[in-house]
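Residue numbers (the numbering used here), protein chains in the order written: chain S, 4 to 361; chain H, 4 to 361; chain R, 4 to 361; chain C, 4 to 361. The C-beta atom is built at its ideal place from N, Cα and C for all residues, glycine as well. Here the structure is a predicted model, which means the values were calculated and not measured.
Protein chains: 4
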Amino acid sequence: MAGKEGKCCFVAEINVGIVGATGYAGAELVRLLAGHPAVNLAVLTSQSYAGQAFWEVYPHLYGYVDMVTEELDPDLLAERCDVVFTALPHGHAVAVARAVKSRGKKFIDLGADFRFTSAETYQQWYKVEHTGADLLGEAVYGLPELQREKIRGAWLVANPGCYPTGAILGLAPLLRTGLIETDSIIIDSKSGVSGAGRGLSLNTHYCEVNENIKAYNVARHRHTPEIEQMLSALAGQPVTISFTPHLTPMNRGILSTIYARLKDGADVGGLPELYRRFYEHEPFVRVLPPGMLPGTRAVAGSNHCDIGLVYDPRTRRVVVVTAIDNLIKGAAGQAVQNMNIICHLPESTALAGPGLYP
Amino acid sequence: MAGKEGKCCFVAEINVGIVGATGYAGAELVRLLAGHPAVNLAVLTSQSYAGQAFWEVYPHLYGYVDMVTEELDPDLLAERCDVVFTALPHGHAVAVARAVKSRGKKFIDLGADFRFTSAETYQQWYKVEHTGADLLGEAVYGLPELQREKIRGAWLVANPGCYPTGAILGLAPLLRTGLIETDSIIIDSKSGVSGAGRGLSLNTHYCEVNENIKAYNVARHRHTPEIEQMLSALAGQPVTISFTPHLTPMNRGILSTIYARLKDGADVGGLPELYRRFYEHEPFVRVLPPGMLPGTRAVAGSNHCDIGLVYDPRTRRVVVVTAIDNLIKGAAGQAVQNMNIICHLPESTALAGPGLYP
Amino acid sequence: MAGKEGKCCFVAEINVGIVGATGYAGAELVRLLAGHPAVNLAVLTSQSYAGQAFWEVYPHLYGYVDMVTEELDPDLLAERCDVVFTALPHGHAVAVARAVKSRGKKFIDLGADFRFTSAETYQQWYKVEHTGADLLGEAVYGLPELQREKIRGAWLVANPGCYPTGAILGLAPLLRTGLIETDSIIIDSKSGVSGAGRGLSLNTHYCEVNENIKAYNVARHRHTPEIEQMLSALAGQPVTISFTPHLTPMNRGILSTIYARLKDGADVGGLPELYRRFYEHEPFVRVLPPGMLPGTRAVAGSNHCDIGLVYDPRTRRVVVVTAIDNLIKGAAGQAVQNMNIICHLPESTALAGPGLYP
Amino acid sequence: MAGKEGKCCFVAEINVGIVGATGYAGAELVRLLAGHPAVNLAVLTSQSYAGQAFWEVYPHLYGYVDMVTEELDPDLLAERCDVVFTALPHGHAVAVARAVKSRGKKFIDLGADFRFTSAETYQQWYKVEHTGADLLGEAVYGLPELQREKIRGAWLVANPGCYPTGAILGLAPLLRTGLIETDSIIIDSKSGVSGAGRGLSLNTHYCEVNENIKAYNVARHRHTPEIEQMLSALAGQPVTISFTPHLTPMNRGILSTIYARLKDGADVGGLPELYRRFYEHEPFVRVLPPGMLPGTRAVAGSNHCDIGLVYDPRTRRVVVVTAIDNLIKGAAGQAVQNMNIICHLPESTALAGPGLYP
């Protein structure tokens, strides 16, 4: 893990723009990039707060970010920036992408618009027409641990959804090695509230969330096809899953409890070693020692994905548990990781360091 | 649901003793029974607080319960009480049960000692010898919705565990009707912290729990065989499950997300009606209207089990979600419900009423 | 404290209407009155949810309240009800009050419109004109412990604000007996979030409140003059206070920490006994034994106000700490208490019982 | 505020030992110093976990800190370290201090043993004899904003308590300028639970803290004389205060609401400017713009103290509100700040950066 290295001698020369900077994922981008030694924050846009100082909207950055948020002008933005991030609801990234492309800049979308290889899948689950289907072939799904080489050459990176990040990382070693029955996968995820964004809704009212846990969008959450797309690629065959998200009374974190049945003859004893080796050179995936299971508290504030697993001989199921901070490894941190890759910077720049505990 | 009826004209004539009254489940028994019109609280015992006024230990009951807690003397207790409740760690109820039996009184155990028909199963999972195996044949597993008639005639009721209550109620309609593949069942449960009791442990320290969610005892939690025993009885064949408990940052509540694959040819469309009719005369089970899913907030403070379900045609799995208050329907409330049954009182006495929201 | 008495033999004959039933205070009125043996819920109105079943808005009441919420029609409402409650933002109760008055019914307002004897004070702090100034002389400030006799004969009761309830009850014994310097009073209050209502605002977004405590409306909160009005009446002279409310990450509860300097020669040793006797016949005020201080957890879910106090000889200040459930003693419970008084019912009907712990 | 500067070109050459590394304050020291470019973590001691890998005790540091904790041996420790931190309960730092002194090393104590100039005051409030009274004259109270020059030359720094840090910083401008009546000061503080440490106690059990706020140690908290000592020094005369701490359901943060009456003739209009200028060169104190009040969320994870103030003309009181992260500016962060000063490093080394939000 990056500790004291990688701190020296940058010149802040990459001009960065963040579209949708006043949402929670956008604000994490601001925080991380304000501390990134190679980055100059050039533009912050906001629909709701345009014209206000950023610190009025996010008081923790008072004294750190003096910029005033602007309305979005895609062409001007692309003109002024080398790298553009969008943290917008789906359907809004295409126009920005075109402006960025036409000027030969880089683009990292934290929304869903460029995550699917198939416009049909997108349209089926998101219920809107895809206006940028011609760009899908140029987009790379930005999960660095599995796609690093593709990302390196991309101008357009589709940053993964928060749930898919932990789910896919948890299953990749099993699917790559063909150890599990692909129709047996169940992903039961528990998310903190920040994943729902800063927008106002009864679902995020303190009193409705506090002392409450509930499932939502059962069997129809939009991250389902995104997870399936990557799992299918890993397995080399179509994979259909059950995925259930839950809203949990905490700010940050996603814990995914993943169930899959091992194929007959699979090497049960080798599972811990399989995981250890699969991720041993990854700076942000920590495969925990046997007997230790992840909790969201231990990754909150960091770009880590922690993974633990248990094999149950009674049912022949393996239970994989993964934990991430949904705003960092599940959104802004992973986006910065992708930026570091496409800008040929050390991958953990501005992302090193553990989280806060407690 | 019981509203205004059932409030009149009792004489408090059942002398009740509560062993382990200063744990959270014990204290809920005290609260519920202090408001029970047919009950006279006769004895409260506590190992940790013997000799102290109960309200010193539980300030919400200041002005309601003036009793001083005592050390446990099983014979004296059985002498003074008509009904004895024990809310103790496993292994401690046998001696009390023998004392109660010898005097022909009633006994309701909130612990695990009498939940299994097989002493071997108990010994295998709890890692202690069962010293009361001779009594197991007389014990009735006290889940009223499925066992009411057996409970009615029992002197010894084994009150179900908190996780099993919500899990079994969620699966009973499917297993009774043989609709699901019995080897496909996965129960993913999320519990509030009060289920861990009031004892001190780093696992219940505020800062360790808050802003954290984690799985524990994966593939080896002791409620697993308890759930399997009842599910097997319902299915008429041995059922093996995957069960994963999680610790969630809230005081009360268990949400269980239950996955099972339907058999070929199962009547998918009839599922909502199946559930509605299965529980339509139950005062404490609320099958929610289609489209509505339970949350723990809506049952906290009540004796309800709320149930919702979703069928996923993509995977042929049904997802059943159940919510209970672990201290009430999952412990003390269900115990009072059992007492009402064995004492031939209206079943919802002292249990009627919705929970607190928010 | 009311335990098992008071449960029998009512006939539900008081028709009650609740205006603004889908706010948190309104929903607590619904819950409490649905369990009130003398009450028939006749009308529930809601601006936001008119036409929906009440349980769709508040799922904890599924199976308890089958009513559909209506739009407000003051005349029809007054026609159909014997007692009308309003739980509305200030400025909206006057029209309802006039309709109720013209039909000779009873009216309990949980808002601020009738709390002040002076329309000027209201207008100065609430920044709107008072359209019902002619009614102010008929309104009684509904703090039963201090105003019981006046309430008994009233048709129009102004239910106190949540902060004033705990603040005034904490100071009344000191001011009645003239023990403190009236210009030395500081009230520092900490409230749960439900006091801010169910309306949507960034201030009640889960992530903004959780892991956060902050002061708001310092030196200008509208409950200040309401507190001062009653304190002045108790002292027999004008009292000006410092009052600071804080938003605390919890659903229910207000803790008020109250500071006042004793006059020279005041009988310090007699303070505990003064408080004990002042409230000894009150069913809902619990003066805690010396050495015990209140917490909001011990009153949540109940209609209690718990009071503790400490004298500090170093500063000659007495520190009084009071705790209430803001939705019950601070709103709906106190309103039901007022209804019981004006309807000549036992005062604790539908309000007896301790809260939930934990 | 330190942003991108100060990141380059250190050689880790200061050997540091942390005594009591497995408490919350100790673990924050480990985290901060593991990321400090000039520090080599040499020794971590722990009474409870000696012999265990540090990451077993604090899983967020898995992959960052590979050290095994040791039992304390003061002489060996002083031998191996250039700077020693102690994060122990009071009474345990003297032996370590003597060992450190005899070897000419530096010592920073996060406990109370060296905070008082008078051994009598310590003995009166802490109820134990002071065994190191001879060292008190060499200790410097380590509040950098007020004591920077004294700290610079010290070998023994007494790191302030968590409550005193926010209280003193909030009052210093007023007392230095003589603007307030010194007998009018009331400090009402609300702390997160981590301030109580990681030790087990019913007071820190999740269910007892959650949904609860309560005052404790009213008029007798040990931080009272510590606050008074500094306030008296600032005022140039003895100052006696009322101080009330409260336990709040959150992990981190202290909000202090401070009340003081202005002297007649004090320049009310100049207060904001007074504060702004008093702290304008301080890297870690942020005086918020008028109209903005601090919350703990905006400082959590950072070494900041945020300050806001309101003047109330009705009472002639000024209300100052300060917020800190109790584990950082209130403990470990301030200790690192002190180390940076005595080691002549840039003061914000390893401390720069805003907190996490939300």
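Practice problem: Output yes if chain H places a C-beta closer than 8 Å to the C-beta of I344 of chain S; else output no. | Solution: no
Quiz item: So what's Y209 of chain H in DSSP terms, helix, strand or just coil?
Solution: helix
Quiz prompt | Residues near Q150 of chain S in its chain [Cβ-Cβ closer than 8 Å; skip 5 each side] | solution = V143 and Y144
Exercise. Kindly indicate which three-state DSSP category K130 of chain C falls into: helix, strand or coil?
Key: coil
Quiz item: Taking 8 Å as the CB-CB limit, is L47 of chain S close to chain R?
Solution: no
Quiz item: What does a CB cutoff of less than 6 Å around G20 of chain C pick up in its chain, not counting 5 residues either side in sequence?
Solution: A45, V46, L80, C84 and V87
Quiz item: Can you list, in chain order, the stretches of the alpha helix (DSSP H) that have 4 or more residues and sit fully within the region 169 to 222 of chain H?
Solution: 209 to 212
Exercise. Could you have a look at H347 of chain H and say whether DSSP puts it in helix, strand or coil?
Key: coil
Quiz item: What residues from chain H crowd round E214 of chain R, counting only those whose CB sits closer than 9 Å?
Solution: N213 and E214
Quiz prompt | Three-way DSSP call (helix, strand, coil) for R289 of chain H in this model | solution = strand
Exercise. Count the other CB atoms, across all protein chains shown, that sit within 10 Å of the CB of V103 of chain S; report buried if there are 16 or more and exposed otherwise.
Key: buried
Practice problem: Report yes or no: do the region 16 to 35 of chain H and the region 315 to 327 of chain R share at least 3 C-beta pairs separated by less than 8 Å? | Solution: no
Quiz item: In chain C, which residues lie less than 7 Å from K266 of chain R when you measure between Cβ atoms?
Solution: Chain C residues near K266 of chain R: none, gap ~15 Å exceeds 7 Å.
Self-check item: Cutoff 8 Å: A37 of chain S Cβ touching any chain H Cβ
Solution: no
Quiz item: Do you know offhand how far H63 of chain S's Cα is from D69 of chain S's?
Solution: 12 Å
Practice problem: Could you tell me whether the region 209 to 220 of chain C touches the region 197 to 212 of chain H, where touching means 3 or more Cβ pairs closer than 8 Å? | Solution: yes
Exercise. Confirm, please, whether the CB-CB distance from T185 of chain H to V271 of chain H is below 8 Å.
Key: no
Quiz prompt | Straight-line Cα distance separating V339 of chain S from P349 of chain S | solution = 11 Å
Exercise. Pair every Cβ in the region 328 to 346 of chain R with every Cβ in the region 158 to 172 of chain R, then say whether three or more of these pairs are closer than 8 Å.
Key: yes
Exercise. Go through its chain and collect everything with a Cβ distance to A318 of chain C's Cβ below 8 Å, but skip five positions before and after it.
Key: What sits at residue 318 of chain C in the sequence shown is Thr, not Ala. Result list for T318 of chain C: R264, in chain order.
Quiz item: If you compare alpha carbons, which of C:Y129, C:T299, C:R106 and C:P167 is closest to A334 of chain C?
Solution: C:P167
Practice problem: For the region 237 to 268 of chain S, enumerate the residues whose C-beta is nearer than 7 Å to any C-beta of chain C, in chain order. | Solution: N254
Quiz prompt | Where the region 306 to 333 of chain C meets chain R: residues whose CB sits under 7 Å from a CB there | solution = V313, D315, R317, T318, R320, V322 and V324
Quiz item: Grouping DSSP H, G and I as helix and E and B as strand, with all else coil, what is T89 of chain H?
Solution: strand
Self-check item: Opposing strand residues paired with Y262 of chain S [DSSP bridges]
Solution: S:I189 and S:V322
Quiz item: Should V71 of chain R be flagged as near chain S, meaning a C-beta pair shorter than 8 Å?
Solution: no
Quiz item: Tell me, which residues are paired with A56 of chain H by DSSP?
Solution: H:V71
Exercise. Tell me whether the beta-carbon of A364 of chain S lies closer than 8 Å to the beta-carbon of T89 of chain S.
Key: Limits of chain S in this structure are 4 at one end and 361 at the other, which puts residue 364 of chain S out of reach.
Quiz item: Should the region 131 to 138 of chain S be called in touch with the region 114 to 121 of chain S, which here means at least 3 C-beta pairs below 8 Å?
Solution: yes
Quiz item: Do we get a CB-CB distance below 8 Å when we pair L203 of chain H with the residues of chain C?
Solution: yes
Exercise. Given a cut-off of 8 Å, decide if I216 of chain S and L258 of chain H are closer than it, judged by their beta-carbon atoms.
Key: yes
Quiz prompt | 8 Å Cβ cut-off: residues of chain H touching T207 of chain C | solution = H208, Y209 and C210
Quiz item: Name the DSSP beta bridge partners of I154 of chain C, please?
Solution: DSSP lists no partner for I154 of chain C.
Quiz item: Who are the neighbours of R34 of chain H on chain R, taking C-beta pairs under 7 Å?
Solution: P357
Quiz item: Going by Cα to Cα distance, which pick from C:E214, C:S194, C:F110 and C:Y52 is closest to H249 of chain C?
Solution: C:S194
Quiz item: In whole angstroms, what separates the C-alpha of G336 of chain H from that of Q55 of chain R?
Solution: 31 Å
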